[in-house]
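Taking it in order: structure first as structure tokens, then the write-up.
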Amino acid sequence: MKLMQMIIVFCIAIVLLVGCGDDEETIPEGYYTYDESEVNAALDELSFDPQLPRYLPMSVEFIITDTFSNESSDEALDISFYSRDNDLMTYQVYKGEIDESFEGEHVLLNEAIEATYRHNRFAHVMTWEHEGLTYHIEWRESSRQESGEDITKEDLIVIAESMYSST
423 MKLMQMIIVF CIAIVLLVGC GDDEETIPEG YYTYDESEVN AALDELSFDP QLPRYLPMSV
483 EFIITDTFSN ESSDEALDIS FYSRDNDLMT YQVYKGEIDE SFEGEHVLLN EAIEATYRHN
543 RFAHVMTWEH EGLTYHIEWR ESSRQESGED ITKEDLIVIA ESMYSST
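Listed below in structure tokens is the structure:
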């Protein structure tokens with residue numbers, strides 16, 4: 423009888439340890455989190471609840487947010503993430519669909535969401551629509567940058583997919 427009680431206690435302990443494991447999302451190597459407090463303040467001004475990137479392929483030095491509306495959208499949010507070297511990752515989300523037609527490569531996010539990617543000598547850009555919102559992310563490298571390191575299409579895909587990963 424005592425052996426049976428010990429086995430039950432041991433099984434309960436194992437279940438508790440596994441159930442209380444680390445729920446933090448793993449951040450891919452070379453990606454960084456950012457201070458979300460300023461971003462959350464901007465989100466409070468919106469009437470909709472957009473998805474945000476969980477991490478970026480650069481260490482963020484400072485963030486500038488702006489909420490606005492334009493002729494093709496009721497509301498929009500622009501977040502500019504800057505690195506110490508003045509690299510810029512821009513995140514924009516618009517309520518509704520906007521006509522931002524441009525030629526580019528079609529990519530699939532999380533095997534379900536169709537996006538369009540393009541790269542020119544100035545920026546890497548990815549745009550997609552999901553659940554009534556239009557998302558736009560853009561990477562512009564600082565003109566001072568001499569390292570030769572550049573953000574790739576795959577980096578933009580990782581950023582976009584992080585918005586829909588479970589926590």
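Heads up, our numbering is the position in the sequence shown plus 422, with the first residue counted as 1.
Glycine included, C-beta positions come from ideal geometry on N, C-alpha and C.
Just so we're clear, the structure is a prediction, and the values are computed from it rather than from any experiment.
Please confirm whether residue i and residue j have their CB atoms less than 8 Å apart.
i, j, result
"residue 564", "residue 508", "yes"
"residue 515", "residue 531", "no"
"residue 513", "residue 483", "no"
Where residue i and residue j are concerned, what is the direct C-alpha to C-alpha distance, given to the nearest angstrom?
i, j, result
"residue 589", "residue 475", "Residue confidence is low: residue 589 scores 45 on pLDDT, short of 50, so the model does not pin down where it sits. Its coordinate-derived value is still stated next. Cα to Cα, the separation comes out at about 12 Å."
"residue 445", "residue 452", "Bear in mind that the predicted position of residue 445 carries a pLDDT of just 46, short of 50, making it unreliable; the figure below should be weighed with that in mind. If you take the alpha carbons of residue 445 and residue 452, they lie about 20 Å apart."
"residue 551", "residue 450", "25 Å"
"residue 542", "residue 520", "21 Å"
"residue 489", "residue 459", "15 Å"
"residue 448", "residue 454", "11 Å"
"residue 480", "residue 424", "57 Å"
"residue 469", "residue 497", "8 Å"
"residue 547", "residue 487", "19 Å"
"residue 533", "residue 578", "15 Å"
Report the residue from the options whose alpha carbon sits nearest the alpha carbon of residue i.
i, options, result
"residue 525", "497, 487, 482, 549", "549"
"residue 535", "556, 467, 547", "556"
"residue 574", "457, 478, 553", "478"
"residue 544", "583, 562, 461, 528", "562"
"residue 558", "493, 572, 485, 472", "472"
"residue 501", "517, 492, 529, 465", "465"
"residue 537", "491, 457, 576", "576"
Ends of the alpha helix (DSSP H) at residue i?
i, result
"residue 577", "575 to 584"
What span of residues does the beta strand (DSSP E) with residue i cover, start to end?
i, result
"residue 560", "555 to 562"
"residue 492", "484 to 492"
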